[in-house]
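Student: Note that the sequence shown covers residues 35 to 189 in my numbering.
In this text, a Cβ means the ideal position worked out from N, Cα and C, and glycines have one as well.
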Amino acid sequence: MSVHLATRKIIKDWTDYNEHMNMAYYILIFDEAWETMLNKFEMGGAKAQVSKRSTMVVETRTTYNNEVKENEEVDIYCTFFDHDKKRLHLKCEMIEKKTKKLAATTESLSLYIDLEKRKVTEFEEDKLIIMDNFIKENKANFNSDNLVLSDKLKK
Numbered sequence: 035m036s037v038h039l040a041t042r043k044i045i046k047d048w049t050d051y052n053e054h055m056n057m058a059y060y061i062l063i064f065d066e067a068w069e070t071m072l073n074k075f076e077m078g079g080a081k082a083q084v085s086k087r088s089t090m091v092v093e094t095r096t097t098y099n100n101e102v103k104e105n106e107e108v109d110i111y112c113t114f115f116d117h118d119k120k121r122l123h124l125k126c127e128m129i130e131k132k133t134k135k136l137a138a139t140t141e142s143l144s145l146y147i148d149l150e151k152r153k154v155t156e157f158e159e160d161k162l163i164i165m166d167n168f169i170k171e172n173k174a175n176f177n178s179d180n181l182v183l184s185d186k187l188k189k
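#1: CB-CB under 6 Å to Ser142, same chain, minus the five flanking residues each way: which ones, in chain order?
#2: Could you tell me which of Phe75, Tyr59, Leu183 sits nearest to Ile169, measuring between CA atoms?
#3: Using the C-alpha atoms, what's the distance from Thr49 back to Val37?
#4: Taking only the alpha-carbon atoms, compute the straight-line gap between His139 and Ser85 and give it to the nearest angstrom.
#5: Per DSSP, which one or two residues make a beta bridge with Glu130?
#6: By the 10 Å Cβ neighbour count, where 16 or more other Cβ atoms means buried, how is Arg42 classified, buried or exposed?
#7: Can you tell which of Lys81, His117, Arg87, Tyr98 has the C-alpha that lies nearest to the C-alpha of Ile163?
#8: Any chance the segment 125-134 sits against the segment 61-75, with 3 or more Cβ pairs inside 8 Å?
#9: For Val91, which residues does DSSP report across the bridge?
#10: According to DSSP, Ala80 sits in a beta bridge with which residue or residues?
#11: As a quick exercise: from Lys173, Arg121, Asp185, pick the residue whose alpha carbon is nearest that of Cys112.
#12: How many whole angstroms separate the CB atoms of Asn177 and Ala137, which I take to be in contact at a CB cut-off of 8 Å?
#13: Can you give the Cα-Cα distance for Trp40 and Ala67, rounded to whole angstroms?
Structure follows, in structure tokens:
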């Protein structure tokens, strides 16, 4: 595993008539974990309100590998991260805590946006340094197998 981002307990409101978590809530859990990453990079919600710069997801790929049910806990891990001047590429895994089974994965591509112009912009130098340091510290634990969005970065 790579970088642990979050642990969530599956609540009844997230389950459907099949008695497992509805697909929408997998995305919610992944999205909340992504916010943890954005905060590390000084791009989370609070920083975005001040800087008027934020990220917007433009493409995702999600797999649903094993069902999770009410009261089960899942851990979310960042298993891959990279960037270019304007884009973020992330892959996360959701692991059912008790059985250690892979429940789901998501891979996403986000753009960095100037919120006042509503246009794509380049990362500031300080953010590039933070992201590069994160990659340097964690690269040995990243797994680039089965990535489908890698070619979207312009390096």
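Tutor: With the structure as the only source:
#1: Val91, Thr94, Leu124
#2: Between Ile169 and the set Phe75, Tyr59, Leu183, the nearest pair of CA atoms involves Phe75.
#3: 27 Å
#4: Going by the sequence as given, residue 139 is Thr instead of His. In a straight line, the C-alpha of Thr139 is about 31 Å away from that of Ser85.
#5: Val108
#6: Under this definition Arg42 is a buried residue.
#7: Measuring from the Cα of Ile163, the nearest candidate turns out to be His117.
#8: yes
#9: Ser144
#10: According to DSSP, Ala80 bridges with nothing at all.
#11: Residue Lys173 is the option with its Cα nearest to Cys112.
#12: Wrong, their Cβ atoms sit about 17 Å apart, outside the cutoff.
#13: What sits at residue 40 in the sequence shown is Ala, not Trp. Looking at the two C-alpha atoms, the distance is approximately 6 Å.
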